[in-house]
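> Numbered by my numbering, the letters in the sequence shown go through residues 10 to 830 in order.
Glycine included, each C-beta is placed from N, C-alpha and C at the ideal position.
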Amino acid sequence: MRAERLGLDRLADLLLRRLLYLLVRPRLSPDTATLALDPARPVCYVLHDRRLSDLLVLEEETRRARISPALGPMAAPLASEKRSVFFIGRARNPFAPARARATHSPRLARMIRAALHDPTVDVQLVPVTILWGRSPRTQPSMLTALFAEAWETTGALRQLLAIIVHGRQVEVRLAPPVSLRELIGGSSLEARALRKASRLFRVHFRRQREAAIGPDLSHRHMQIDSMLASAPLRKAIVSEARDRGISVDMAAQRARRFAWEIASDYSYRVVRAFELVLGRLWNRLYDGIDVYRFEQVERIAPSHGIVYLPCHRSHVDYLLLSYLVNARGLAPPHIAAGANLNLPVLGSMLRRAGAFFLRRSFKGEALYAAVFGEYLHMMLTRGFPIEYFIEGGRSRSGHTLPPKAGLLGMTLESFLRDHGRPLALVPVYIGYEKLFEGRSFIAELEGRPKRRESLGALLGSIRQLKHDYGKVSVNFADPIMLDGYLDANLPQWRALARGDEAAPARDLTARLAREVACRINSAVVVNPINLLAMALLDTPHQALDERVLMQQIELFATLARRVPCSPCMVVTELDPSSVLAYGERLGAAERVKHPLGGIVRVPAAQVALLTYFRNNVQHAFALPALVACLLTRSTGIDVDQLAGSVADMLPLLRAELFLADDARIAAQKVGEIVEVLVESGLACRTGDGLIQPPDANSSGAYRLELLARSLRQLLERQYLIVALLSRFGSGQIGRQRLESLVQLLGQRLAMLFEFATPDAYERSAISACVDTLIETGLLTIDEAGCLAFDGRLRAPALRVESLLPPDALQTIRRIAVEDGQ
10 MRAERLGLDR LADLLLRRLL YLLVRPRLSP DTATLALDPA RPVCYVLHDR RLSDLLVLEE
70 ETRRARISPA LGPMAAPLAS EKRSVFFIGR ARNPFAPARA RATHSPRLAR MIRAALHDPT
130 VDVQLVPVTI LWGRSPRTQP SMLTALFAEA WETTGALRQL LAIIVHGRQV EVRLAPPVSL
190 RELIGGSSLE ARALRKASRL FRVHFRRQRE AAIGPDLSHR HMQIDSMLAS APLRKAIVSE
250 ARDRGISVDM AAQRARRFAW EIASDYSYRV VRAFELVLGR LWNRLYDGID VYRFEQVERI
310 APSHGIVYLP CHRSHVDYLL LSYLVNARGL APPHIAAGAN LNLPVLGSML RRAGAFFLRR
370 SFKGEALYAA VFGEYLHMML TRGFPIEYFI EGGRSRSGHT LPPKAGLLGM TLESFLRDHG
430 RPLALVPVYI GYEKLFEGRS FIAELEGRPK RRESLGALLG SIRQLKHDYG KVSVNFADPI
490 MLDGYLDANL PQWRALARGD EAAPARDLTA RLAREVACRI NSAVVVNPIN LLAMALLDTP
550 HQALDERVLM QQIELFATLA RRVPCSPCMV VTELDPSSVL AYGERLGAAE RVKHPLGGIV
610 RVPAAQVALL TYFRNNVQHA FALPALVACL LTRSTGIDVD QLAGSVADML PLLRAELFLA
670 DDARIAAQKV GEIVEVLVES GLACRTGDGL IQPPDANSSG AYRLELLARS LRQLLERQYL
730 IVALLSRFGS GQIGRQRLES LVQLLGQRLA MLFEFATPDA YERSAISACV DTLIETGLLT
790 IDEAGCLAFD GRLRAPALRV ESLLPPDALQ TIRRIAVEDG Q
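1) Just to confirm my understanding: we take Gln-819, look at its own chain, exclude 5 residues before and 5 after, and list those with CB closer than 6 Å. What are they?
2) Check whether the stretch 651-665 and the stretch 741-761 are in contact - that is, three or more C-beta pairs closer than 8 Å.
3) What are the boundary residues of the alpha helix (DSSP H) that Ala-537 is part of?
4) Do you know offhand how far Met-419's Cα is from Ser-331's?
5) The beta strand (DSSP E) spanning Arg-34 covers which residue range?
6) Quick check on Leu-813: does DSSP put it in helix, strand or coil?
7) Tell me which residue opens and which closes the beta strand (DSSP E) that Gly-382 is part of.
8) For Val-55 versus Val-135, is the C-beta distance shorter than 8 Å?
9) Here's the rule: buried if 16 or more other CB atoms are within 10 angstroms of the residue's CB, otherwise exposed. What is Glu-307?
10) Per DSSP, what kind of secondary structure is Asn-351 in: helix, strand or coil?
11) Could you pull out every residue in the same chain whose Cβ sits closer than 8 Å to the Cβ of Leu-855, ignoring the five residues on either side in sequence?
12) Would you mind giving the Cβ-Cβ distance between Val-187 and Val-316, rounded to the nearest angstrom? I have them listed as a contact below 8 Å.
13) Given this structure, state the Cα-to-Cα distance separating Val-380 from Phe-424, to the nearest angstrom.
14) Taking the alpha carbon of Arg-426 as the point to measure from, which residue in Tyr-441, Ile-298, Val-826 and Leu-389 has its own alpha carbon closest?
15) Would you tell me roughly how many angstroms separate the C-alpha atoms of Ser-404 and Asn-539, rounded to the nearest one?
16) Going by DSSP, what residues sit across from Trp-141 in a beta bridge?
17) Would you check if the stretch 715-726 and the stretch 637-651 touch, i.e. whether three or more CB-CB distances between them fall below 8 Å?
18) Around the Cβ of Lys-678, are there at least 16 other Cβ atoms within 10 angstroms (buried) or fewer (exposed)?
19) At which residues does the beta strand (DSSP E) containing Asp-299 begin and terminate?
20) Within the present structure, is the beta-carbon of Gly-447 separated from the nearest heavy atom of the ligand SAM by less than 7 Å?
21) Counting C-beta neighbours from all protein chains within 10 Å, is the total for His-386 16 or more, i.e. buried, or is it exposed?
22) For Pro-573, collect the residues of the same chain with a Cβ closer than 8 Å to its Cβ; drop the 5 residues on either side in sequence, then sort them by chain order.
23) Please state whether DSSP places Asp-554 in a helix, a strand or coil.
24) Going straight from the alpha carbon of Gln-650 to that of Thr-695, what length do you get?
25) Apply the 10 Å Cβ neighbour rule to Leu-619 and answer buried if 16 or more other Cβ atoms are within range, or exposed otherwise.
26) Can you give me the Cβ contacts of Asp-422 inside the same chain, cut-off strictly under 7 Å, excluding the 5 residues immediately before and after it?
27) Under DSSP, the alpha helix (DSSP H) around Ile-674 begins and ends at which residues?
28) Return yes when the Cβ of Gly-592 is within less than 8 Å of the Cβ of Pro-612, no when it is not.
29) Who are Gly-254's beta bridge partners in DSSP?
30) Since I believe Arg-712 is in contact with Leu-691 (beta carbons under 8 Å), could you give me their beta-carbon distance rounded to a whole number of angstroms?
31) Under 8 Å between the Cβ atoms of Phe-398 and Ser-323?
32) Does the Cβ of Ala-171 have 16 or more other Cβ atoms within 10 Å, making it buried, or fewer, making it exposed?
33) Is it true that the CB of Ser-689 sits closer than 8 Å to the CB of Thr-567?
34) Quick one: which unbroken alpha helix (DSSP H) runs of 4-plus residues sit fully inside the stretch 27-72? Chain order, please.
35) Given a cut-off of 8 Å on the beta-carbon distance, is the pair Ile-529 and Tyr-438 in contact?
36) When DSSP builds the beta bridges, which residues end up paired with Glu-396?
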């Protein structure tokens with residue numbers, strides 16, 4: 010395209026340059042003397058982007074350097090060319106097919122044509138790279154980072170702002186001249202020579218920009234075309250056309266729209282801006298971010314693709330993990346975000362920070378599922394780090410939710426299809442001491458409808474920045490090396506034929522998802538608020554004598570240190586008095602003076618909120634609590650009997666709480682737990698070696714009862730499910746109806762009785778319990794879709810009955826019979 014079409018003539022050119030140079034102070038390199046331009050041959054400059062500001066800067070700098078001006082005519086024999094510059098980058102319509110966008114510079118085409126017709130014609134082509142602000146990574150503020158040089162196409166408004174912000178940091182780099190004749194070599198075909206020259210210049214500009222700002226990660230610019238050209242997606246497009254009765258071109262356009270809806274639009278500018286803003290935000294919100302075991306990731310990152318799989322507690326999770334990874338020198342992951350976050354402004358910013366969006370359900374959209382699967386495969390095979398939440402949504406209760414295996418299944422299928430690069434799954438535990446969303450979570454658990462995400466709701470949450478949110482803990486669990494995992498669980502996986510990956514991936518995904526959830530829980534960090542919640546919430550009025558509270562905090566801390574749920578587990582180093590002081594500062598506890606001794610209680614407004622932080626770590630204390638339940642219902646039992654009873658109950662607990670321990674390891678831990686209980690005064694040894702609870706009127710007996718209560722809500726939920734099944738009978742109730750009824754009755758229990766809180770009857774926890782009964786064969790689904798069972802279901806019911814106090818059993822039986830109707 011001729012330069013005149015940019016609206017330039019000599020007077021306008023001069024005025025615009027003078028105006029621009031009020032703001033711009035470029036630095037030209039190298040010295041023009043080192044270019045060794047031949048005055049006998051014409052010179053033509055090559056720019057990558059069609060930007061008026063670049064053209065004006067090049068014209069001014071060439072005039073100041075006293076070399077051929079960019080906007081002047083070329084020398085003979087090409088004097089008909091009125092300008093001495095052309096652009097490699099062409100105008101782009103992103104929704105158009107690639108072949109419609111692959112055009113070349115008309116001026117370059119004319120020069121090549123002249124050189125092919127006249128062997129004496131040659132031109133010195135000088136590639137010019139102009140950088141506004143250099144790499145975003147070097148920028149000291151959000152404003153300068155947002156408008157620094159980057160890969161994505163710059164619009165007129167953004168370029169104007171870049172001129173204002175970076176006018177004093179402009180670099181003009183002249184490359185050594187390239188002979189047009191040498192460039193086209195022995196080619197005699199104009200089209201081939203034009204393609205070759207354009208390709209070589211594109212490579213040159215890419216390398217220059219990579220050296221200055223890093224590699225191009227703008228997926229929309231680079232990857233959608235190649236993704237749509239893949240064989241699996243072409244096949245899906247043909248199927249879509251056939252199934253919908255539309256043309257293949259129309260189906261391809263649908264696929265392209267889906268790809269644009271999904272794909273991230275990575276921007277170094279936005280990532281750097283987020284890094285700067287988030288660094289200040291974390292300092293404002295939190296007392297610190299404690300990171301554990303990140304060295305594992307650093308060790309495998311150079312040789313493996315990485316998929317980060319964090320638990321999902323808060324919307325903060327999206328930003329926190331990426332910030333930490335980026336701040337420690339590794340590439341930030343591309344995050345799978347729900348379409349509910351693709352809001353105006355926010356969605357665009359998240360997309361440029363590396364988020365790619367997915368719908369909550371792919372049902373009825375086979376083409377969408379195929380496009381998303383191919384996008385994920387492309388990202389994984391090209392080595393980009395990925396992050397998604399294995400639980401699907403945020404946990405409203407604080408428990409780790411049953412994993413949603415959809416994305417994990419796609420990841421596994423992708424690796425089976427192409428395993429040229431090793432892939433590591435990295436489970437991550439994120440623990441908070443206070444949550445933005447705490448009150449809305451409680452409202453949802455109590456049955457109120459979920460609030461829809463909106464930009465207004467996001468802006469409204471800004472007022473919460475004035476609160477103190479304590480610390481955040483991030484612990485990286487042991488990675489799962491997919492090749493090793495497959496060797497152990499699917500030995501023939503390397504011999505699978507292309508296209509046969511789906512069935513093995515589907516069969517293995519549920520097992521792998523459970524392993525990920527167990528590893529997330531194994532990396533739990535027990536913070537001061539967790540200890541306070543464990544110690545206080547299971548008391549009748551969420552209050553304790555201060556002296557007893559100190560003992561109970563010490564008990565939980567000792568159990569966590571001496572009998573950890575895994576070697577990855579981390580426990581706060583604060584002593585009990587410091588834990589209490591910390592909880593007071595965050596509003597989780599308050600002291601009440603009394604003549605007979607101080608009392609510590611949970612403020613009424615915080616009781617429901619604090620259950621979240623108890624549930625975060627409930628699995629870490631499940632075995633000690635189960636031992637306590639057994640002891641409170643016993644007059645004397647030996648350690649082997651205790652271990653056997655624990656082994657009987659373990660399958661249900663493992664399924665709901667995602668415990669990594671098998672029966673053998675759990676049995677070994679029972680002896681260690683008993684030692685801690687005896688040392689702490691919560692159990693006694695008899696002369697014949699039996700273990701029994703302390704005297705019923707002692708402080709130790711009360712503290713043992715409190716430890717046992719930390720597990721009772723879970724046991725009560727299990728018993729309610731079995732009681733309802735018994736009430737209706739085998740084959741008389743479907744799964745969906747059962748789960749809905751358990752949830753409704755659970756919410757009723759929470760309102761009527763203090764021993765049941767709203768979180769105990771979260772739908773996902775109920776579903777996990779039903780899943781466990783089905784997996785163990787105690788429940789089956791008959792042809793009518795109802796739950797069938799036989800006398801074997803009575804066994805777990807009897808085990809739970811033996812652990813619950815009579816008043817709890819009576820209440821659950823009554824509400825199952827009366828309200829279950």
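Taking the structure as given:
1) none
2) no
3) The sequence shown places Pro at residue 537, rather than the Ala named in the question. It spans 537-545 - the alpha helix (DSSP H) in which Pro-537 sits, taken as one unbroken run.
4) If you take the alpha carbons of Met-419 and Ser-331, they lie about 22 Å apart.
5) Note, Arg-34: premise wrong, no beta strand (DSSP E); not H, not E.
6) coil
7) Premise fails: Gly-382 lies in the alpha helix (DSSP H), 375-390, not in any beta strand (DSSP E).
8) yes
9) exposed
10) coil
11) In the structure as shown, the chain begins at 10 and stops at 830. Residue 855 is therefore absent and cannot be evaluated.
12) Val-187 to Val-316, Cβ: 43 Å. No contact.
13) 17 Å
14) Leu-389
15) A direct Cα-to-Cα measurement between Ser-404 and Asn-539 gives close to 16 Å.
16) Val-179
17) yes
18) Lys-678 sits buried, since 16 or more C-beta atoms from the chains shown fall within 10 Å of its C-beta.
19) 297-301
20) With respect to the ligand SAM, the structure offers nothing, as it holds no ligand at all.
21) By the neighbour-count criterion, in which a residue is buried when 16 or more other Cβ atoms sit within 10 angstroms of its Cβ, His-386 is buried.
22) Val-580 and Ala-629
23) strand
24) 15 Å
25) buried
26) It should be pointed out that residue 422 corresponds to Glu in this sequence rather than to Asp. The residues are Glu-510, Ala-511 and Ala-514.
27) That run of the alpha helix (DSSP H) goes 672-688.
28) no
29) Paired residues: none, contrary to the question.
30) Leu-691 to Arg-712, Cβ: 6 Å. Contact.
31) no
32) buried
33) yes
34) none
35) yes
36) Tyr-317 and Ile-344
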